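K.L.:
Sequences listed follow chains A and B, in order. Just so we're aligned, residue 158 is where the first sequence starts under this note's numbering, counting upward by one. Just so we're aligned, residue 878 is where the second sequence starts under this note's numbering, counting upward by one. Mind looking over this structure? Questions follow.
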Amino acid sequence: DTAVSQTPKYLVTQMGNDKSIKCEQNLGHDTMYWYKQDSKKFLKIMFSYNNKELIINETVPNRFSPKSPDKAHLNLHINSLELGDSAVYFCASSQSSTSGLTQETQYFGPGTRLLVL
Amino acid sequence: GNSVTQMEGPVTLSEEAFLTINCTYTATGYPSLFWYVQYPGEGLQLLLKATKADDKGSNKGFEATYRKETTSFHLEKGSVQVSDSAVYFCALAGNQFYFGTGTSLTVIP
Chain A
158 DTAVSQTPKY LVTQMGNDKS IKCEQNLGHD TMYWYKQDSK KFLKIMFSYN
208 NKELIINETV PNRFSPKSPD KAHLNLHINS LELGDSAVYF CASSQSSTSG
258 LTQETQYFGP GTRLLVL
Chain B
878 GNSVTQMEGP VTLSEEAFLT INCTYTATGY PSLFWYVQYP GEGLQLLLKA
928 TKADDKGSNK GFEATYRKET TSFHLEKGSV QVSDSAVYFC ALAGNQFYFG
978 TGTSLTVIP
């Protein structure tokens, strides 16, 4: 059973296009995340949703828009793709703790490798 | 604020060598600490964790001890294998996860 799944695994597209990446988790978690990993493996958090509500929104261009139709899904839509958007995008999920802190283990999807030409 | 500083790589070791990857942190309060591993072409997987001072996390022969006095969580393994070749990330859990920059490990036969 796949805990956190992402589609597509690979995405090759032209500059200026709009694309979406989907993420689903079957762990019953109520918090989901999007991360961007650059070519040097540096991980940067982009967004976090808790029970469909946006709780972390780092400095990310507004061309990136997350959407959470329910707590098991968090999709990422990217408008007007640029060369610098090429990276691996990871979805993750965790169970939120009662303290409000992110003490719980995060479970990651396999990643979506985006290449913008 | 919260941050994690991780030993720069890449690290290359011969099979059966001893491994240490250093990780130090800055945090308010008492965060949980984690090591994640990323094998080539895959997502991150939890390797081990520790939730309070002096806890030792261990898994697959890897160990790390939460040292509050030195604000460290160094990853160790007594005898590495070729299959341990991967990128290792130290992470701290506060109001969000703070990841280190990752350390690439290559083990040669």
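All C-beta atoms in this analysis are idealised placements derived from N, C-alpha and C, irrespective of residue type, glycine included. Since this is a predicted model, take the numbers as computed values, not measurements.
1) Would you call A/M172 buried or exposed, if buried means 16 or more other Cβ atoms sit within 10 Å of its Cβ?
2) From the DSSP secondary-structure annotation, give me the bridge partner or partners of A/S237.
3) So, is the C-beta of B/Q958 closer than 8 angstroms to a C-beta in chain A?
4) CB-CB under 7 angstroms to B/Y943, same chain, minus the five flanking residues each way: which ones, in chain order?
5) Excluding five sequence neighbours on each side, which residues of the same chain lie with their C-beta closer than 6 angstroms to the C-beta of B/G938?
6) One question on the structure: do A/D187 and A/N214 come within less than 8 angstroms of each other, judged by their Cβ atoms?
7) Within 8 angstroms (strictly less), CB to CB, does A/F265 reach chain B?
8) Grab me the residues of B/L921's own chain with a C-beta within less than 6 angstroms of its C-beta, minus the 5 sequence neighbours each way, in chain order.
9) Hey, is B/F974 close to the ligand GTP, as in C-beta under 7 angstroms from one of its heavy atoms?
10) Just the Cα atoms here: how many angstroms apart are B/E940 and B/A963?
11) Using a Cβ cut-off of 8 angstroms (strictly closer), state whether B/F966 contacts chain A.
12) Do A/C248 and A/V169 have their CB atoms nearer than 8 angstroms?
13) Over what stretch of residues does the beta strand (DSSP E) that includes A/R270 continue unbroken?
14) What's the gap between the Cα of A/Q252 and the Cα of B/G918?
15) Would you decide whether A/P218 is buried or exposed? Buried here means 16 or more other CB atoms lie within 10 Å of its CB.
16) Quick one: which chain A residues come within Cβ less than 9 angstroms of B/L923?
17) Indicate whether B/G977 and B/T889 have their beta-carbon atoms separated by less than 8 angstroms.
18) Please report the Cβ distance between A/Q193 and A/K201, rounded to the nearest whole angstrom; I am assuming they are in contact, meaning their Cβ atoms lie under 8 angstroms.
19) Which residues in chain A sit within 7 angstroms of B/G920, going by Cβ to Cβ distance?
20) So if DSSP puts A/A346 in a beta bridge, which residue, or which two residues, is it bridged to?
21) Between the alpha carbons of B/N865 and B/M884, how many angstroms are there, rounded?
22) Going by C-alpha to C-alpha distance, which of A/K197, A/H234, A/L233, A/G241 sits closest to A/L274?
P.N.:
So, from the listed chains and residues:
1) A/M172 comes out exposed.
2) Paired residue(s): none; A/S237 is not in a bridge.
3) no
4) L910, A927, K929, A930, D931, D932, F950
5) K954
6) no
7) yes
8) Y913, Q915
9) Here there are no bound small molecules, and the ligand GTP is not part of this structure.
10) 16 angstroms
11) Yes, its Cβ sits closer than 8 angstroms to a Cβ of chain A.
12) With respect to the 8 angstroms criterion, A/C248 and A/V169 are not classified as neighbours on the basis of their beta carbons.
13) From DSSP, the beta strand (DSSP E) with A/R270 extends over 269-273.
14) 26 angstroms
15) Result: exposed.
16) Residues of chain A passing the Cβ test: T262, Q263, Y264, F265.
17) no
18) The residue asked about is misnamed: residue 193 of chain A is Lys in this sequence, not Gln. Rounded, the Cβ-Cβ distance is 5 angstroms, consistent with contact.
19) Residues of chain A passing the Cβ test: F247, F265, G266, P267, G268.
20) Beyond the ends of chain A as shown, which are 158 and 274, falls residue 346 of chain A; an answer cannot be given.
21) Any property of residue 865 of chain B remains undetermined from this structure, which presents chain B solely from 878 to 986.
22) It is A/G241.
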